[in-house]
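**Q** Just so you know, the sequence shown maps onto residues 129 to 642 in my numbering. Beta carbons: idealized from backbone N, C-alpha and C, even for Gly. There's a structure below that I have some questions on.
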Amino acid sequence: MISDVRFYLSLLPRRLPVMVVLFLVSSIASVIIAQRLPPMYSTSATLLVESPQISEDLVRSTVQVTASEQLQVIQQRLLTRSNLLDIARQVRVFPEQSTMTPDEIVEGMRDATNISLSIGRDQVTLMVISFVAGTPQTVADVVNQYVNIGLETNSAFRTNLSEDTLAFFQQEGQRLSDELGLQNAKIVQFKNANADALPENLEFSLDRRSLLQERLSRSEREKQSLEAQRANIQRIYEATGIVNNPRDTPVSPEEAQLNQLEAELRVARSVYAATSPRVRNLQVQVDALRAQLEATAPRDGGSDESDDLNPQSAALTISLAEIDGRLANAVQDIEDTTEELKILQASIEKTPSIGIVLSSMEREHENTQALYNAAASRLAQAQASQRVELSAKGERITVLEAASVPSSPSSPNRTQIVALGILIGLGLAAGFFALLELLNQSIRRPGDIIRALNVTPLATLPPIETKADKRWRRAKLMISILIVTAAVPAALWAIDTYYMPLDLLYEKIKDRLT
Numbered sequence: 129m130i131s132d133v134r135f136y137l138s139l140l141p142r143r144l145p146v147m148v149v150l151f152l153v154s155s156i157a158s159v160i161i162a163q164r165l166p167p168m169y170s171t172s173a174t175l176l177v178e179s180p181q182i183s184e185d186l187v188r189s190t191v192q193v194t195a196s197e198q199l200q201v202i203q204q205r206l207l208t209r210s211n212l213l214d215i216a217r218q219v220r221v222f223p224e225q226s227t228m229t230p231d232e233i234v235e236g237m238r239d240a241t242n243i244s245l246s247i248g249r250d251q252v253t254l255m256v257i258s259f260v261a262g263t264p265q266t267v268a269d270v271v272n273q274y275v276n277i278g279l280e281t282n283s284a285f286r287t288n289l290s291e292d293t294l295a296f297f298q299q300e301g302q303r304l305s306d307e308l309g310l311q312n313a314k315i316v317q318f319k320n321a322n323a324d325a326l327p328e329n330l331e332f333s334l335d336r337r338s339l340l341q342e343r344l345s346r347s348e349r350e351k352q353s354l355e356a357q358r359a360n361i362q363r364i365y366e367a368t369g370i371v372n373n374p375r376d377t378p379v380s381p382e383e384a385q386l387n388q389l390e391a392e393l394r395v396a397r398s399v400y401a402a403t404s405p406r407v408r409n410l411q412v413q414v415d416a417l418r419a420q421l422e423a424t425a426p427r428d429g430g431s432d433e434s435d436d437l438n439p440q441s442a443a444l445t446i447s448l449a450e451i452d453g454r455l456a457n458a459v460q461d462i463e464d465t466t467e468e469l470k471i472l473q474a475s476i477e478k479t480p481s482i483g484i485v486l487s488s489m490e491r492e493h494e495n496t497q498a499l500y501n502a503a504a505s506r507l508a509q510a511q512a513s514q515r516v517e518l519s520a521k522g523e524r525i526t527v528l529e530a531a532s533v534p535s536s537p538s539s540p541n542r543t544q545i546v547a548l549g550i551l552i553g554l555g556l557a558a559g560f561f562a563l564l565e566l567l568n569q570s571i572r573r574p575g576d577i578i579r580a581l582n583v584t585p586l587a588t589l590p591p592i593e594t595k596a597d598k599r600w601r602r603a604k605l606m607i608s609i610l611i612v613t614a615a616v617p618a619a620l621w622a623i624d625t626y627y628m629p630l631d632l633l634y635e636k637i638k639d640r641l642t
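Here it is, written out as C-alpha cells:
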C-alpha cells in the first residue's frame, strides 16, 4: 500500500503541469463569472391573517374559508398571466422588455417571484412575497404591487362571497314566502269548498246528526199520533154524530183554532223564512179559517135555529183542519229533517278523506314554514356577516412587514462562486490524474509484470532516457500546456460571444442543478 502511494506520488510531478492548468482555468473562469454577474436585489413583504375582531359566538361569518385557502387563492391570483404582464409593464421590470414576448415576460416574472406560506396548527398564518430584479426600486415596486393585489383580492373575495350568500338567502326567502302564499290560498280555497266536511266540524256534525235523528223520531211519533187522533175523531163522529173535543171552551171552536194557528204562525215566522213551506202552510190555514169566521159572522143576529143548525159538523171540520195542519207540519218536518240528515251524513262520511288531504296540505305548509323560518334566520345572519365584512371587522389579511428598497444586492455571492470554481478546478485536476492512470495499462513496475504475466522477474532495469528523449518529452509537455492554456480561454470566449453570456450560463446551470 505504501509502495503504491509512493509510486503515484512519483508520477505526480509528470501530471502536475496539466493539473495546474486545469485548476487555474477553472479558478480564473469562476473569477470572471463572479465579476461579470450583475448584482441582483431582493426584497419581501409579509402578510398576516388576523382573527375576526368580533367573536364568531356573537356574529358567525358566512365566509367559511380557511386561512390557508385564502392565501392559496391570493397566490394563484398574483401569478396569473394578466397580473404579471400588467405589473411588468407598469414597473418596467426587465431592461430589454420591449424586445421580449409576453410568454418570456411571464416566465421571467414567475422565475423572479417567490411566495412562501407559513401555516400550522396553533400558529399564525403568514405569507411572504419576495421578488428579485436588477434594481432596488424595481423589486420594491413589484412587491408593493403584489401586496396591493393580494389585499384587494382578499377583500373582494370575502365581500363578494358574503354578498352572494346574502343574495341567495334573499331569493330563497322570497321564493318560500311566495310558496307559503300559494299554499295558504290553496288551503283556504279547499276549506271553503269543503266547509261542511272539515275535521274541526266533525264533532258539531255528530251532535247535529243526533239532534236531527231525535227530531225525526219525534216528528214521526207526532205524525202517527195525529193520524190516530184524526181517525178516532172521524170514527166517533160517524158513530155518534158528535165531536169529542176535550178542549172545548165558551169560545167558539173557530176562534180558538184561529188563535192557535196565529200563534204558531208568529213562532214560525221568527224561526223560518217567509218562503218556508211551514210558514206558507200556516198562512193558508189562518187565511182559510179567518174567511170562514167572517162568512159566519152575519148570522149572529139571525134565529137561534140557524145558529144551532149543525154545530157538530162545524166542530168536526175545525178539528180535522187543525189535525191536518199539524199533520202537514209533521210531514214537512220529517221531509226536511230526512233531507238534512242525508246531507249531513254525506259530509260526515266525506270528512276522513277531506282530513287526509287537508293534513297533507297543512304538513306541506308546516314544512315550507320551517324552511322559511330557517331561511329568515340565515338571512339575518348573512346580513350581519355582510356588515361585519364591509366594516372590516371579520377575518382579514394585513401587512405585517411592508417591502422596503434594498440597500445592497442579495446576489450573486461572488465568494461562493469563486470557491465553487476552485473546488471544480481541484476536482478536474484529480479527475485528470485518476483518468490517465485508469487508461494507462502499460507495465511500469515489477508488480505490473507479476499481475500481467504471472511471472516473478529476477531483476528489473529502468528505462534509459537519452537527452534527446528528455527534450522531446519536455517539448510535448510544453506544447500540451500551451494548447490547453490557449484552448480553454478561447472556448470560454466563444461560448460567451456566440452562444450565451457566461453569467447567464452559470445561472441556468445553477437552476438546473437546484
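(1) Do L254 and T174 count as a contact pair if the criterion is CB distance below 8 Å?
(2) For V146 and A618, I'd like the C-alpha separation in whole angstroms.
(3) D436 by DSSP, collapsed to three states: which one?
(4) Give me the residue from Q265, V275 and D231 with the minimum Cα distance to N242.
(5) Grab the span of the beta strand (DSSP E) containing Y169 for me, first residue to last.
(6) Could you say which of G262, Q225 and L152 lies nearest to P537 if we only look at CA atoms?
(7) When DSSP labels each residue in this structure, what does G430 get in the three-state scheme?
(8) Going straight from the alpha carbon of Q297 to that of N288, what length do you get?
(9) Per DSSP, S539 forms a beta bridge with which residues?
(10) Let's test the definition: count the other Cβ atoms within 10 Å of the Cβ of D269 and tell me whether it reaches 16, buried, or not, exposed.
(11) Given that a residue counts as buried once 16 or more other Cβ atoms are within 10 Å of its Cβ, and exposed if not, what is T281?
(12) List in chain order: all unbroken beta strand (DSSP E) runs of 3+ residues lying wholly within the region 201-262.
(13) Using DSSP with H/G/I as helix, E/B as strand and the rest coil, what is V153?
(14) Over what stretch of residues does the beta strand (DSSP E) that includes V527 continue unbroken?
(15) Between which two residues does the alpha helix (DSSP H) containing D292 stretch?
(16) Work out the CA separation of S505 and Q311 for me, nearest whole Å.
(17) So, using beta-carbon positions, are L389 and L354 closer together than 8 Å?
(18) Starting from the C-beta of V260, find all residues in its chain whose C-beta is less than 6 Å away, skip the five residues before and the five after it, and write them out in chain order.
(19) Is S158 helix, strand or coil when you go by DSSP?
(20) For the region 541-554 against the region 195-202, do three or more pairs of beta-carbon atoms, one drawn from each stretch, fall closer than 8 Å, so that the two count as touching?
(21) Could you give the residue range of the alpha helix (DSSP H) that holds A325?
(22) Using C-beta distances below 8 Å, list every residue in its chain close to L334, excluding the 5 sequence neighbours before and after it, in chain order.
(23) Let me know the secondary structure DSSP gives S333 once reduced to three states.
(24) Return the residue from the list T266, N320 and P166 that minimises the CA-CA distance to Q218.
(25) Does the separation of the CB atoms of S290 and Q509 fall below 8 Å?
(26) Classify T625 as buried or exposed, calling it buried when 16 or more other Cβ atoms lie within 10 Å of its own Cβ.
(27) Between which residues of its own chain and V177 is the CB-CB distance below 6 Å, once the five residues before and five after are set aside?
(28) Buried or exposed: which applies to F332, given that a residue is buried once 16 or more other Cβ atoms fall within 10 Å of its Cβ?
(29) How many angstroms separate the CA atom of L326 from the CA atom of K319?
(30) Roughly how many angstroms separate the alpha carbons of V546 and T584, rounded to a whole number?
(31) L386: buried (16+ other C-beta within 10 angstroms of its C-beta) or exposed?
(32) Quick one: Cα of N211 to Cα of R205, how far?
(33) Return the CA-CA distance between I607 and V149, expressed in angstroms with no decimal places.
(34) In angstroms with no decimal places, state the Cα-to-Cα distance between R143 and M628.
(35) For G555, count neighbouring Cβ atoms within 10 angstroms of its own Cβ and tell me buried if that reaches 16, exposed if not.
(36) Does the beta-carbon of E328 have 16 or more other beta-carbons within 10 angstroms, so that it is buried, or is it exposed?
**A** Let me lay it out:
(1) yes
(2) 17 Å
(3) Annotation note: pLDDT 44 at D436 (below 50); position unreliable, coordinate value reported separately. D436 falls in the coil class under three-state DSSP.
(4) V275
(5) Y169 to E178
(6) G262
(7) Caution applies to G430, whose pLDDT of 42 falls short of 50 and renders its modelled position unreliable; the value that the coordinates give is listed next. In this structure, G430 counts as coil in the three-state DSSP scheme.
(8) Before going on, a small fix: residue 297 reads as Phe here, not Gln. The alpha-carbon atoms of F297 and N288 are separated by roughly 14 Å.
(9) M168
(10) buried
(11) buried
(12) 241-246 and 254-261
(13) helix
(14) R524 to E529
(15) P264 to A321
(16) 21 Å
(17) no
(18) M168, S170 and A240
(19) helix
(20) no
(21) Per DSSP, A325 belongs to no alpha helix (DSSP H) and is neither H nor E.
(22) I476
(23) helix
(24) T266
(25) no
(26) exposed
(27) A195, T253 and I525
(28) exposed
(29) 7 Å
(30) 51 Å
(31) buried
(32) 8 Å
(33) 13 Å
(34) 33 Å
(35) exposed
(36) exposed
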